[in-house]
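Chains A and B, in that order, give the protein sequences.
Residues in the first sequence are numbered from 439 upward in steps of one, following my numbering.
Residues in the second sequence are numbered from -19 upward in steps of one, following my numbering.
Step one of this worksheet: look at the structure below.
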Amino acid sequence: MKKTKIIATLAGIACYVFATPVSASDTLTIYKFYCAQCHGLTGKGDGPNVTKDFPVSPRNFTDAAEMNKLSDADMKNVILDGGPSASKSPMMPPWGKTITGEEADGLIKFLRELCKCEGKKS
Amino acid sequence: MRVSLTVTIFTASLMAMVSVSKADPAAGQAVFKAKECVACHYTEGPAKEKTIEDQLAKKGPELWYAGDKFRAEWLAGWLADPKPIRPMKFNSLTEENAGDHPALGAEESATVAEFLMSLTSGEVEAGTVKVKKNSKGRQIFTKKMPCSGCHQYTGRKKVIAGGRSGPSLVDAGVRLNADWILAYLKKPEVFKPVKMMPVFVGLLSDKDMANVASYVGNFKPKKKK
């Protein structure tokens, strides 16, 4: 039991230390494939799903004032666990079973470039 | 009225017998190749896509499990008179579906449908989903999960609601096999390892997935009174 715990801990540390950041180009591919459906290819919240009947307005990532209200941790939470995890709409899917934590980190970096903002410090 | 009904049943039975006697997937496969359907659809599994680039390189949906996915009675009719299923062009977020899928003749449609319906994955358990008005499924589809964000469906007062990036699910019960819908939700890695739809394994229980499959499988045109 103790041995298993030690191995698990070491594996966790190894994952953390050796986690490879996702490249900007791969992040853009991920963004366009998953996120742009609702947030739009340029991040203005105007993807093809956003018709007049769409129940919410997807976040406009170029809106610095709105994006500054969120910390990076807030964003990662919503990306991986979905809107309801932050009392937001279930229209924001939980992507945690689809993309990795590193890919989510890459997306957050990309979104900060879109808003040209640093966000709330957590 | 009774005579007319008897004649109709007799004719339908005769047609079914003729259709069974003509069943020849190899002939359908030959037509499929001759018509260059293979340029956009692959028919040999398992799934080939490993990356987003692989998925984006495809011009049309994979058909190697078409026999699991579609309802036979729908498929031949659609091949003869293809109406857009996706609001947007396949793999595009900017171009509308032009509705330009080639149509096959009636006989070709029947034989290609025979071929496609012979393609199965061995991963779909038949008879597991009971299609019905499923309030739990509706709750998940429209409220709890973002399904309606990407898929059109017929909402209240027969108004078409929902998003446009995924295939439309309006009258999906006519097109799709509900048992396959469940298998697709439970085993995305088998059918579509890379897709724009989130993976729900671990987020929805098997029971809830079955409720969604039951609900979506019940999307059918309202019978005229």
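Ideal Cβ positions, reconstructed from N, Cα and C, are used throughout, including at glycine.
Practice item. Taking only beta-carbon positions, decide if B:I32 is within less than 7 Å of chain A. Key: yes
Review point. Could you give the residue range of the alpha helix (DSSP H) that holds A:M530?
Key: That residue, A:M530, is in no alpha helix (DSSP H); it is neither H nor E in DSSP.
**Study point:** Short-range partners of chain B found in the stretch 460 to 490 of chain A, where Cβ spacing is below 9 Å
**Key:** Cβ contacts with chain B: D464, T467, I468, K470, F471, Y472, A474, Q475, C476, G478, L479, G485, P486, N487, V488, T489.
Review point. B:P126 versus chain A: which residues are under 9 Å apart at the beta carbon?
Key: C476, G520, G521, S527, P528, M529, M530, P531, P532
Practice item. Measuring only between beta-carbons, confirm whether A:T536 sits less than 7 Å from chain B. Key: yes
Point to revise | Beta-carbon proximity list for B:M(-5), same chain, < 7 Å, skipping 5 on both sides | key: Because the pLDDT of B:M(-5) is 45, which lies under 50, any placement of that residue in the model is unreliable, and the number read from its coordinates should be weighed accordingly. Nothing meets the Cβ criterion.
Check your understanding: Hey, B:N77 and B:P67: beta-carbon distance below 7 Å or not?
Key -> yes
**Study point:** C-beta contact flag for B:V150 and B:I161 at 7 Å
**Key:** no
Check your understanding: Under a CB-based cut-off of 7 Å, is B:P178 close to chain A?
Key -> yes
Review point. Does B:S145 have its Cβ less than 7 Å from a Cβ in chain A?
Key: yes
Review point. A:G483: which of A:L552, A:G557, A:E556, A:K559 sits nearest, CA to CA?
Key: A:L552
Review point. Got a sec: is the Cβ-Cβ distance from B:C130 to anything in chain A below 7 Å?
Key: yes
Review point. Taking the C-alpha atoms as reference points, what is the distance between B:H21 and B:K39?
Key: 7 Å
Point to revise | Inter-residue Cα distance where the pair is B:G129 and B:E103 | key: 28 Å
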